[in-house]
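Working notes, beginning with the structure itself.
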Ligand code: NAD
Ligand code: GLY
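In the working numbering, the protein residues as written are 685 to 1044.
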């Protein structure tokens, strides 16, 4: 097992990464301060891992709430099922909410923990590649709104993240690729060497080679932990973690939440950011082509969906959380491993990038 730390002073917490962690009851129990816990999971993950997780909680009062599965259920209405369960079961302020599942479950359980009785303890047990490399770490929680992705939420850090890599054995291939999108993101934003490693090891990741997956998860979590420690509430550097996301969130919303997976939309969004950076003369042809090649190699889409329009993109991108005082900041690239957050582009640059992607 590897243990990394998100350094946030007295709110610092460990990220445990390794095989058979759901078989180690102490790992979970030592991070539960009280005598009760609510497991939040969904109808796909429950039959696979709920019993195992519950058996780690022997001696504690524990219940489970099983949500419907899917991005389209990541909303305030379904969130209420978690509050219902917490209240019906008389869970008090010292209870621990355990998120067992992918990023949707993690974001919803996290927001419930942040808001129930103004905050109860939270532990993340991520079971998708995407949630193990990204969403379970760093404390962003929340739900979608019909008019914008992840628009309602809170920063709320967990007490621990337990990433059992064995859970990835049951993950569908399409979800594996979606997770790889966020892994590629770390290379593109700040780690050219890791990007090179990914170019050489993509076939191993796609065939789920355990060592390759472990290395990719460790580097990703360490990168995210460093960024979050430097800028927990995204007043600066953390915005880099949104590379491809402004385009991607627009795609997710326009297509109907869940039609395109989050990682797929981020994949296409990173290609759009790369070609916009290239067309502005910021990123070389070579680095742009390498970016597109790696994203395609990961079996991710690289172009915007044909059913979208430039107007739709611009409309949805204008509600992005990186809009400050009415100005949309984008994450663009000066090269592989050299991303920047900037408003130094023209509307023409943006229009051209969207039009090119729609026409491809
Ligand atoms: P997801 O939670 O929808 O999970 C993907 C699918 O895999 C679901 O059908 C799920 O039930 C299933 N699943 C989960 N674990 C499984 C397993 N071990 N075996 C088989 N099936 C399994 O999607 P995701 O990709 O994990 O997360 C995407 C969400 O995360 C989006 O809502 C996105 O906005 C959010 N996100 C949040 C952050 C953050 O910092 N909080 C970062 C990135 C993404
Ligand atoms: N996934 C973006 C962030 O956590 O900041």
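Note that the Cβ used here is the ideal one computed from N, Cα and C, for glycine as well.
1. My understanding is that residue 633 touches residue 957, with C-beta atoms under 8 Å, so please give their C-beta distance in whole angstroms.
2. Under the three-state reduction of DSSP, which class applies to residue 691: helix, strand or coil?
3. For the ligand GLY, I want to know if residue 837 counts as a neighbour, meaning its beta carbon is within less than 6 Å of at least one of the ligand's heavy atoms.
4. Rounded to the nearest angstrom, what separates residue 760 and residue 850 at their Cα positions?
5. If I'm right that residue 926 touches residue 1006 with Cβ under 8 Å, what's the distance once you round it to whole angstroms?
6. Give, in chain order, every unbroken run of the beta strand (DSSP E) that is at least 3 residues long and sits entirely within the segment 865 to 895.
7. Tell me the DSSP secondary structure of residue 808 in three-state form.
8. Would you mind giving the Cβ-Cβ distance between residue 908 and residue 832, rounded to the nearest angstrom? I have them listed as a contact below 8 Å.
9. Report yes if the C-beta of residue 704 is less than 6 Å from at least one heavy atom of the ligand NAD; otherwise report no.
10. Within 10 angstroms of its Cβ, does residue 771 collect 16 or more other Cβ (buried), or is it exposed?
11. Decide if residue 830 is buried, meaning its Cβ has at least 16 other Cβ atoms within 10 Å, or exposed.
12. Name, in chain order, the residues that DSSP records as bridge partners for residue 700.
13. Select from 751, 776, 757 the residue whose C-alpha is nearest the C-alpha of residue 784.
14. By DSSP, does residue 724 sit in helix, in strand, or in coil?
15. Run the proximity test for residue 762: is its beta-carbon closer than 6 Å to any non-hydrogen atom belonging to the ligand NAD?
16. Just list the residues that DSSP pairs residue 782 with in beta bridges.
17. According to the Cβ coordinates, are residue 793 and residue 804 closer than 7 Å?
18. Once you ignore the five residues that flank residue 763 on each side, which residues in its own chain have a CB closer than 7 Å to its CB?
19. Rounded to the nearest angstrom, what separates residue 820 and residue 711 at their Cα positions?
20. Can you tell me where the alpha helix (DSSP H) with residue 1039 in it begins and where it stops?
21. Would the beta-carbon of residue 855 fall within 7 Å of that of residue 825?
22. In this structure, how does DSSP classify residue 716 when only helix, strand and coil are distinguished?
23. My guess is that residue 724 and residue 749 are in contact by the Cβ rule of under 8 Å, so how many angstroms apart are they, rounded?
24. Residues in the same chain with beta-carbon distance under 6 Å from residue 841, minus the five sequence neighbours each way, listed in chain order, please.
25. Going along the chain, which residues of its own chain have a beta-carbon closer than 6 Å to the beta-carbon of residue 835, five neighbours each way excluded?
26. Does the ligand NAD have a heavy atom nearer than 6 Å to the CB of residue 734?
27. Counting only the same chain and skipping the five closest in sequence on each side, list residues whose C-beta sits under 6 Å from that of residue 837.
28. Would you be able to state if there are at least three C-beta pairs under 8 Å between the segment 866 to 886 and the segment 966 to 979?
29. Pick helix, strand or coil for residue 991, following the three-state DSSP scheme.
30. What do you reckon, are the CB atoms on residue 814 and residue 866 nearer than 7 Å?
31. Counting only runs that start and end within the segment 750 to 803, where is the beta strand (DSSP E) found for 3 or more residues in a row?
32. For residue 798, which residues of its own chain have a beta-carbon under 7 Å away from its beta-carbon, when the five flanking residues on both sides are left out?
In this structure, then:
1. With the chain represented from 685 up to 1044, any question about residue 633 goes unanswered, as that position is not in the structure.
2. Reduced to three states, the DSSP call for residue 691 is coil.
3. If you check the C-beta of residue 837 against the ligand GLY, you find no heavy atom less than 6 Å away.
4. Approximately 31 Å, taken between the alpha carbons.
5. With a Cβ gap of about 6 Å, residue 926 and residue 1006 count as contacting.
6. Fully enclosed beta strand (DSSP E) runs of 3 or longer: not present.
7. The DSSP-derived three-state label of residue 808 is strand.
8. The pair is not a contact, with the Cβ atoms about 23 Å apart (cut-off 8 Å).
9. No heavy atom of the ligand NAD is found nearer than 6 Å to the CB of residue 704.
10. Only exposed fits residue 771, as fewer than 16 other CB atoms lie within 10 angstroms of its CB.
11. Result: exposed.
12. Its beta-bridge partners are 687, 846.
13. Put simply, of 751, 776, 757 the residue whose alpha carbon is nearest the alpha carbon of residue 784 is 751.
14. DSSP, read as helix, strand or coil, puts residue 724 in strand.
15. For the ligand NAD, not one heavy atom lies less than 6 Å from the Cβ of residue 762.
16. Residue 782 pairs with 723, 807.
17. In this structure, residue 804 does not lie closer than 7 Å to residue 793 by Cβ.
18. So the qualifying residues of the chain are 792, 795, 796, 827.
19. Approximately 16 Å, taken between the alpha carbons.
20. Taken as a continuous stretch (DSSP letters only), the alpha helix (DSSP H) holding residue 1039 covers 1031 to 1043.
21. Contact: no.
22. In the three-state DSSP reduction, residue 716 falls in the coil class, being neither helix nor strand.
23. So it is a contact: roughly 5 Å between Cβ atoms.
24. Same-chain partners within the cutoff: 695, 823.
25. If we look at residue 835 and ignore the five residues flanking it on each side, its Cβ neighbours are 829.
26. Not so, every heavy atom of the ligand NAD lies at least 6 Å from the Cβ.
27. For residue 837, where only same-chain residues beyond five positions count, the Cβ hits under 6 Å are 795, 825, 826.
28. By the Cβ test, the segment 966 to 979 is in contact with the segment 866 to 886, since at least three Cβ pairs between them sit closer than 8 Å.
29. In the structure shown, residue 991 adopts coil according to DSSP, grouped into three states.
30. Between residue 814 and residue 866, the C-beta gap is smaller than 7 Å, which places the two residues in contact.
31. Counting only runs of 3+ residues, the beta strand (DSSP E) found wholly inside the segment 750 to 803 occupies 780 to 785, in chain order.
32. Closer than 7 Å at Cβ, skipping near neighbours: 825, 838, 840.
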